[in-house]
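Chains as they are written, first to last, in my numbering: chain L, 1 to 359; chain D, 360 to 718; chain E, 719 to 1077; chain F, 1078 to 1436. Note that CB positions come from ideal geometry on N, CA and C, so glycine has one too. None of the values given here were measured: they were computed from a predicted structure. Heads up: the structure comes next, in structure tokens.
4 protein chains.
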Amino acid sequence: MAGSVFGTIFRIMTWGESHGKGIGVTIDGCPAGLSLCEEDIQQYLDRRKPGQSRFTTSRQENDQAELLSGVFEGKTTGTPIALIVRNTDQRLRDYQAIKDVYRPGHADYCYDRKYGFRDYRGGGRSSARETIGRVAAGAVAKKLLDHYGIQVDAYTKSIGDIEVNPIRLDLAKRDDNLLYMPDEKAAEKATAYLDQLIKEQDSAGGVVECLIRGVPAGLGEPVFDKLDACLAQAVMSIGAVKGFEIGDGFAAAKSRGSANNDAFIMAPDGTVKKQTNHSGGILGGISDGSDILFRAAFKPTPSISQPQHTVNRSGQNVEISIKGRHDPVVVPRAVVVVEAMAALTVADHLLMARNAGII
Amino acid sequence: MAGSVFGTIFRIMTWGESHGKGIGVTIDGCPAGLSLCEEDIQQYLDRRKPGQSRFTTSRQENDQAELLSGVFEGKTTGTPIALIVRNTDQRLRDYQAIKDVYRPGHADYCYDRKYGFRDYRGGGRSSARETIGRVAAGAVAKKLLDHYGIQVDAYTKSIGDIEVNPIRLDLAKRDDNLLYMPDEKAAEKATAYLDQLIKEQDSAGGVVECLIRGVPAGLGEPVFDKLDACLAQAVMSIGAVKGFEIGDGFAAAKSRGSANNDAFIMAPDGTVKKQTNHSGGILGGISDGSDILFRAAFKPTPSISQPQHTVNRSGQNVEISIKGRHDPVVVPRAVVVVEAMAALTVADHLLMARNAGII
Amino acid sequence: MAGSVFGTIFRIMTWGESHGKGIGVTIDGCPAGLSLCEEDIQQYLDRRKPGQSRFTTSRQENDQAELLSGVFEGKTTGTPIALIVRNTDQRLRDYQAIKDVYRPGHADYCYDRKYGFRDYRGGGRSSARETIGRVAAGAVAKKLLDHYGIQVDAYTKSIGDIEVNPIRLDLAKRDDNLLYMPDEKAAEKATAYLDQLIKEQDSAGGVVECLIRGVPAGLGEPVFDKLDACLAQAVMSIGAVKGFEIGDGFAAAKSRGSANNDAFIMAPDGTVKKQTNHSGGILGGISDGSDILFRAAFKPTPSISQPQHTVNRSGQNVEISIKGRHDPVVVPRAVVVVEAMAALTVADHLLMARNAGII
Amino acid sequence: MAGSVFGTIFRIMTWGESHGKGIGVTIDGCPAGLSLCEEDIQQYLDRRKPGQSRFTTSRQENDQAELLSGVFEGKTTGTPIALIVRNTDQRLRDYQAIKDVYRPGHADYCYDRKYGFRDYRGGGRSSARETIGRVAAGAVAKKLLDHYGIQVDAYTKSIGDIEVNPIRLDLAKRDDNLLYMPDEKAAEKATAYLDQLIKEQDSAGGVVECLIRGVPAGLGEPVFDKLDACLAQAVMSIGAVKGFEIGDGFAAAKSRGSANNDAFIMAPDGTVKKQTNHSGGILGGISDGSDILFRAAFKPTPSISQPQHTVNRSGQNVEISIKGRHDPVVVPRAVVVVEAMAALTVADHLLMARNAGII
């Protein structure tokens, strides 16, 4: 119960450190009969792997998924699906510089206080490589959601002050640039901004937006396990996320009831629709049949190469310069992680909703 | 597992509907030996009860807590603490108007789709009265935190566009006005704004901020059960919350690493401190020993008396006017609910942290 | 997480002490749409209540169930079902005799060591009255199982050495005697035996057997949550149970594979049957479609009025004579508790099994 | 939530099938600072591996544990400990014979009914190889218990009718024979019995007994998570176990209160002891400081080579002869599995007990 388990019915447990033998995840509770192969998972790992561009760390990792169990003759068997990604880039590095020093913006100090010591190699468990387990499991969740006609798509909404223009937003173009920004012009501006930051040995934050289509009304549990509350935990549990909002989010706090309420209306096909979607697809914690739309705020990459003040384990004030190349912004590689966490959450609620009534 | 359970070690289950016999909560996992009496709980219930001002519903409820178990000779025994608040205001109302109509901004439609029907009296389980269980349990959690020197204080940060001025913010003055705004001038402006909205048959949203002091470094679990992720679920699970942010939150997404990183520094007393607190007291999901500071965005009260378009259960477009007096803003009464959810989360993590190492 | 929660999807939390204000239970996860009223619960409480015969404690308790939430217009709503039974017999007793003394066979000493002190009035939480919450929740589970054609029936299999004769066993006659023994002759002998024990200020143990009919093949999860493993926990968690066995149980350990294996055979109606049922209806932890049959061994009532050696809180050897009338055997009143725990377990697995495959 | 998770704080998830790529387990919640290496785990795997004698399957498996995460510089870090054992003996076999036929005494039919199909190679997930994950995790739990002075030792109590003589029982001699029977004479008799059964193409059941020493009073939670109830689930979840009893178990059902109650007495060292241990070390679900002693009944190996009647997937009555060499009794190899499950349960309760009181 030390926080490496996520989900109730579609339940996962992840493991692994940045410089250990690998990273992995086991999924317990995936229904039997779903088509699944390694390639289904690999395509998502490829989206988060480092070394894709000059804005991602130069670490070379293949991040190759191996499917160890739970699939027989191409279909899930209902028993646990174990996935492992071996760490291949384990060359020796000099960690003496950070071994005894607490990097600002990182969890080094907190781990030492919690556990008495820490695996300091590349951040250990608090490394961004930890998200590999999430992405691999999320790929399986997405496969399950596909089966039910549910699509989860995240993208870079903004980097620093540069935001996607809603008029130009075209999801189909998301993968056309290295920043996963579905607006070419914004991507160009953001690219220039990041090049500038690299020169200045600094980093940027940004916002990821996620759109979930095809969710039927009725997913989400009343009270504590509201669908949006679970999405919030799922997304806030990604390192560097500092904020979460659904629908109009913080803007709703400045709105009025008359403007914020979404009027229901009968669609020509006889179904109930909403004229607007300020709610972001969830009312009272339960999906209302509209698109689910949420955003996550990521802080700037804490690893910057300019000198910073900090302290060391011996209780001395010291200066630190974090060497090596680091992503000047985590957002582009985090897009697929947000997508994964959203998919895991919706998959779990989809299965839970099967028990809402007697049959 | 239908969402009425919260917490892992300090675990609660709530029950009750707006117009049923009452609302209650049972706490399993409160350590033995804690002083506890009904008055400890009552003071928090009094802060959320209706009828306190012209900005809250005129419903008359005493909301008297009865402690049913788990306490012997004034101390918790380690066994479940059951609390019940009887609904006293059960006079018959005419629910025919909303029985078959889906109120915009409410969960009526979602409940019908999920369960096939719903308890339509006053919103049933989705009523704001559901939060009584949270507040009662939160009072016990606060008592536990007190024992360890941890204080949780929430307050109204803003209503509509009117925000507390950080320079004037004085927590001691929070309870001096009906809006629980720790800034008299802002409270005056917000009062005028709400009076205007009442005239216009409209409602406002707002932001609650919560400050948690005295949390030692080391609470929170890596990966999925990060302390901020759990706070996010806890707070987003309160009805009407549409956004959550910790520390600089969404503003961090526009910042730079050099500005957003908090430098560590040795305090004169030989302890590690941070020069700033952009992180909001949590790094990598684990408390860093600084104050924890988060905000929750509440949408405007969906119940407004002006006519709205919607549909009914028979699939017809209809117009609805929600009668009766409703809070023009939920924020003031939600302050204590946010405080409760934060206290429950921190209490749970405090107990979980006991297992971080061998002894 | 202090042990008062049972079940994963059909999940209950119980509370209450022998001499507190009452005993209760909340059920979270009962599907919506099930007919339910207080009488459905009361009939089961009546079967376990004291004062039914000279073999049960003379404590006068009405044990009247009050349904507090989760039901609307006679049907479950899918939200928590809270039930309370007020303790009515709270007259002052003299507990000085047992306050500081550890009764042999009771948990007094263990509670003191675990929690530092205990609610000594009538055993507090470790009292047999704790089972009221189980029986009330079990009644709801039985109602759910009824809907799916599943019947759970427990009965007294033996008291001391006196056992029901399988040839005479007639479930329909179970309630014809005070011992819930479905064999009149065995009941007569057991009655005489108990009368003798009362004279000798002693007590008896016994065995409860439980038959579950109508369970479809496929309930139970592989590995840790095998249906029989969950039944074992459920039943062993009843106070005084010292053993559990399914099908042939301990006798199977002396058997041979050729005798113990149940041959499958096609029934005339084209379904798969087993020629024998040594397995007790479960293979590999999953129901095989046959009747489920298990037994629970209850130890003799530890409260006996003859003098016993023990120690007190001050660390002195003392002698204790437990006054008042006590059941000379717990088995007859435990029958309905076993039934309840079995029903809760099967109901939970019935709902879990809905997620075995894609739809 | 499909049953592959065990434990609350010291929590494990296992995965793997008989003929898949391997078997593994991840442990979340092991406290930081515990010394751990692969050899700690390997010694337990060696005790369960096949091919040790003529009474175990001839399958050649090295069952080599690889420690993948959670340990840094020889100590646990508090983050998940992942372990994998690759299946090395994956040579092609002819499974056509059992692919479409339901082996009596096995779960083939149940899996087909539950999931629609099954991984029929060597039993898939229901294979005895599944216990590798339990044993590996149990080894870590035992290391933790060692740190607190708690020892868990299981042994073969009986095979068929041949039982260890309590007078001759010498735990130190347990590993001197292939049957893990701590009584040389009984082992000789049992060996002859098994040789006879092999000739007769038949199999035997047996009983494993487990002794847990050094458990302090106070472990175990009241009500549902009683220590003995959790042990029962843990042990009954091992394939082929049909019964569980603690202390006097089923014999207690025939005893009297005056004989079954254990008198407390002050030991010369000023501690509380019991004069007898009919309770098996647990009262009211909580450890009483005495040795914990329980037994598990194993059914005879269902795989026997003599012809048996059964049905196939097409609904025809057929005869099956299960080829290959199979263990004529599972008990000797199950001893270490029982030990592992007991260790996992006690370790989890040891950590849970840290939260019994305020500090």
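query	result
According to DSSP, C230 of chain L sits in a beta bridge with which residue or residues?	DSSP lists no partner for C230 of chain L.
Tell me, please, whether the CB atom of G932 of chain E is closer than 7 Å to any CB atom in chain F?	no
Going by C-alpha distance, which of F:A1340, F:G1401, F:P1377 and F:V1412 is nearest V1029 of chain E?	F:A1340
Classify F1371 of chain F as helix, strand or coil using the three-state DSSP reduction.	strand
Report, in whole angstroms, the separation of the C-beta atoms of G243 of chain L and L293 of chain L, which I expect to be a contact under 8 Å.	The Cβ separation is near 15 Å, so there is no contact.
Since G284 of chain L and P222 of chain L should fall inside the 8 Å C-beta cutoff, what is the C-beta to C-beta distance between them, to a whole number of angstroms?	7 Å
What does the alpha-carbon distance come out to for the pair Y829 of chain E and N620 of chain D?	49 Å
In this structure, does DSSP put A217 of chain L in helix, strand or coil?	coil
Could you please give me the residues that DSSP links to Y1473 of chain F through a beta bridge?	Outside the modelled stretch of chain F, which goes from 1078 to 1436, sits residue 1473 of chain F, for which no answer is possible.
Would G577 of chain D and R113 of chain L qualify as a contact pair, given that the criterion is a beta-carbon distance under 7 Å?	yes
For Q1080 of chain E, does the three-state DSSP call read helix, strand or coil?	Because residue 1080 of chain E is not part of the residues shown, which for chain E are 719 to 1077, the question remains open.
Compute the beta-carbon to beta-carbon distance between D119 of chain L and T1154 of chain F, rounded to the nearest angstrom, for a pair I have assumed lies under 8 Å.	5 Å
Relative to the alpha-carbon of S428 of chain D, which residue among E:E848, E:E791 and E:L763 has its alpha-carbon at the smallest distance?	E:E848
Buried or exposed: which applies to N317 of chain L, given that a residue is buried once 16 or more other Cβ atoms fall within 10 Å of its Cβ?	exposed
Going by beta carbon distance, what residues of the same chain come within less than 6 Å of Y898 of chain E, once the five residues before and after it are set aside?	Y873, T874, R892, P1050 and V1053
Sort L:P80, L:K273, L:S279 and L:V140 by Cα distance to C37 of chain L and report the nearest one.	L:V140
Just the chain L side, please: which residues come within less than 7 Å of N895 of chain E by C-beta, in chain order?	Simply none; closest approach about 36 Å.
Listed in chain order, which residues of the stretch 796-829 of chain E have Cβ atoms closer than 8 Å to some Cβ of chain D?	G796, T797, P798, I799, A800 and I802
Between M954 of chain E and chain F, is the shortest Cβ-Cβ distance under 7 Å, so that the two count as touching?	yes
Closer than 7 Å, CB to CB, is V384 of chain D near chain L or not?	no
Going along the chain, which residues of the stretch 737-767 of chain E sit with their C-beta nearer than 7 Å to a C-beta in chain D?	G738, K739, G740, G742, T744, D746, G747, A750 and G751
Name, please, each residue of chain L whose Cβ falls closer than 8 Å to the Cβ of G1075 of chain E.	P31, A32, G33 and G78
For N260 of chain L, which three-state DSSP category applies?	helix
Using a C-beta cutoff of 7 Å, does D781 of chain E count as contacting chain D?	no
Measure the CB-CB distance between A1373 of chain F and V1285 of chain F and report whether it falls below 7 Å.	yes
Quick check on D886 of chain E: buried or exposed, where buried means 16 or more other Cβ atoms within 10 Å of its Cβ?	Reading off the sequence shown, one finds Arg at residue 886 of chain E, where the question assumed Asp. R886 of chain E comes out exposed.
When you compare the CB positions of S394 of chain D and P300 of chain L, do they come within less than 7 Å of one another, or not?	no
Distance, Cα to Cα, Y1172 of chain F vs I930 of chain E?	35 Å
Ignore the nearest five residues each way along the sequence and tell me which others in M1070 of chain E's own chain have a CB closer than 7 Å to its CB.	T726, I727 and E939
For a cutoff of 7 Å on Cβ pairs, would you count R1072 of chain E as touching chain L?	yes
Could you name the residues of chain D that L1428 of chain F contacts, counting a contact when the two beta carbons are closer than 7 Å?	N714
Indicate whether I1076 of chain E and G33 of chain L have their beta-carbon atoms separated by less than 7 Å.	yes
Between the alpha carbons of A1420 of chain F and F1327 of chain F, how many angstroms are there, rounded?	24 Å
Could you spell out where the alpha helix (DSSP H) holding T1422 of chain F opens and where it closes?	V1408 to M1429
At a Cβ cut of 7 Å, what residues of the stretch 1209-1234 of chain F count as close to chain D, listed as they run along the chain?	H1224
Kindly indicate the opening and closing residues of the alpha helix (DSSP H) around R1031 of chain E.	Per DSSP, R1031 of chain E belongs to no alpha helix (DSSP H) and is neither H nor E.
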